[in-house]
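Top to bottom, those sequences are chains A and B. Using the working numbering, read the first sequence as starting at 34 and increasing by one per residue. Using the working numbering, read the second sequence as starting at 34 and increasing by one per residue.
There are 2 protein chains.
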Amino acid sequence: MSEPRRKGNQAHTQEVRISILKAAFSVFSHGGFNGSSLKQVAAKVGISEAGLLHHFNSKVALLNAVLEYRDSVSAEVAETAIKKGLAFPLDWYQVIANTAKNPDVIMFFAVMSAEATNPDHPAHSYFKDRYLRVTNVLAEGFAGMREAGQIAPEIDPEQAAKTLIAISDGLQVQWLLNKNVDLLQGQKDYISLLSAG
Amino acid sequence: MSEPRRKGNQAHTQEVRISILKAAFSVFSHGGFNGSSLKQVAAKVGISEAGLLHHFNSKVALLNAVLEYRDSVSAEVAETAIKKGLAFPLDWYQVIANTAKNPDVIMFFAVMSAEATNPDHPAHSYFKDRYLRVTNVLAEGFAGMREAGQIAPEIDPEQAAKTLIAISDGLQVQWLLNKNVDLLQGQKDYISLLSAG
DNA sequence: GTCTATAAACCGATAGAC
DNA sequence: GTCTATCGGTTTATAGAC
């Protein structure tokens, strides 16, 4: 976007940026935003704090970049589900199963979304919007199932969406504390119940 | 426990201790453990940091005392539900409804349980145990309903317990971010579904 | 029991050399 | 682009006067 440079430098800068984002994601996963320091992130990348701050002006800027980076990854996952021709709720299971492959992803969103309930948290509005967005997507999914006669007509799609998200989030916290939980089963059971009702 | 003192001093000390615990609970509710400082707690009580540390030797000791204090409050709530002769799931609804009266309580457990998924967190084992304990209580409740023919025989009480806790926890996070969620309805709907299935 | 003062470490961020 | 050095602020915790 700024002055043009040698392609070699641009490529290298981009590589470092991404390695910082990955390291920050991992560090934030364990300690949240408040419980993590730039020193930890820098150490994980193998550079100095000042070196890190050359790529991201502040800790908050780094967090925002991490959130943006994760969104692009999520979009990719969603796209492949669409390409496979999966319809709700199968595409949703696909997303969860994909998430479960990387515990850091589960930790990040569990810890960060709870931390971000504080209105002063830098990611507050991000998670606020995120929940509304995901709720709408799932509510549309349930509405489609209702039209297709796959779930009872008296089910409120929006309420079902919020509940499914709650089950997903809640089981993830339990899973992080005690690994005696199946992340998918509870959600499948719930949708089965909706179908049987 | 140590040397005996004047009753007047003891009473005053106890009062200050409890006011510190209440202040700490409120501060931790908003920022979690990592995002809160002793300065904030001390300011809320109206004493100095050193004054606070006279009553609790360290920040971790304060957190442990807060958790212990909350357990005693919870036990009190559970007892009154028992005295009212409420059986599962009505007693559980009672606990949730009571919790919902104080948003700080919801914030505290939502933020702290997520933060405590980190094995290095001082409250890690507390929340680990807490989930196992609550899961057992609710699983017994569902087992009782199954024996009484109130839910289908093929329902797994433990899985249902974990799911109900997940719904409760998950909806609380959503409620903290966007107040467009009913904390009780999702849980009542779920148990209704189990009964109908 | 509460205070002031302070230690010692860590934090995010900046300045400037290379 | 990365580094060392450093500033200014905050953190938990201690020492010691009252």
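Virtual Cβ for every residue (Gly too), placed ideally from N, Cα, C.
In this structure, A:F58 is the residue among A:I51, A:V170, A:L226 and A:F58 with its C-alpha nearest to the C-alpha of V138 of chain A. Around the beta carbon of S70 of chain A, fewer than 16 other beta carbons sit within 10 angstroms, so the residue counts as exposed. Annotated as proximal: Y223 of chain A and T196 of chain B, with beta-carbon spacing under 9 Å.
If you look at A193 of chain A, you'll find it in the alpha helix (DSSP H) that goes P190 to L210. In this structure, L96 of chain B lies away from P190 of chain B, with their beta-carbon atoms at least 9 Å apart.
Under the Cβ criterion of 9 Å, F160 of chain B is counted among the residues facing chain A. In this structure, A199 of chain B sits near Q207 of chain A, with a CB-CB distance shorter than 9 Å. What S146 of chain A touches in chain B, judged by beta-carbon distance under 7 Å, is V206, going in chain order. Interface with chain B (9 Å Cβ-Cβ cutoff): I129 of chain A is excluded. Distance from the Cα of K134 of chain B is smallest, within the candidate group B:L85, B:V49, B:L217 and B:Q47, for B:L217.
Secondary structure of K92 of chain B (DSSP, three-state): helix. In this structure, the straight-line span from the alpha carbon of A94 of chain A to that of A193 of chain A is close to 35 Å.
Going by DSSP, I224 of chain B is part of the alpha helix (DSSP H) stretching over Q218 to A229. Inter-residue distance for S225 of chain A and E82 of chain A is about 51 Å (C-alpha atoms, whole angstroms). Judged by DSSP in its simplified three-state form, E187 of chain A adopts coil rather than helix or strand. For G182 of chain A, no Cβ of chain B is located within less than 9 Å of the residue's own Cβ. The count of Cβ pairs closer than 8 Å, one atom from the stretch 62-80 of chain A and one from the stretch 141-152 of chain A, reaches three, so the stretches are in contact.
At least one CB of chain A lies nearer than 9 Å to the CB of V214 of chain B. A Cβ-Cβ contact shorter than 9 Å links V74 of chain A with L85 of chain A. With respect to chain A, the C-beta atom of A172 of chain B has no partner C-beta closer than 9 Å. Contact annotation, N67 of chain B with N67 of chain A: C-beta distance approximately 4 Å; criterion of less than 8 Å satisfied. The beta carbon of S146 of chain A is closer than 6 Å to those of F160 in its chain, skipping five residues each way along the sequence. Within 9 Å of the CB of Y223 of chain B, the CB atoms of chain A belong to T196, I200, Y223 and L226, in sequence order along the chain.
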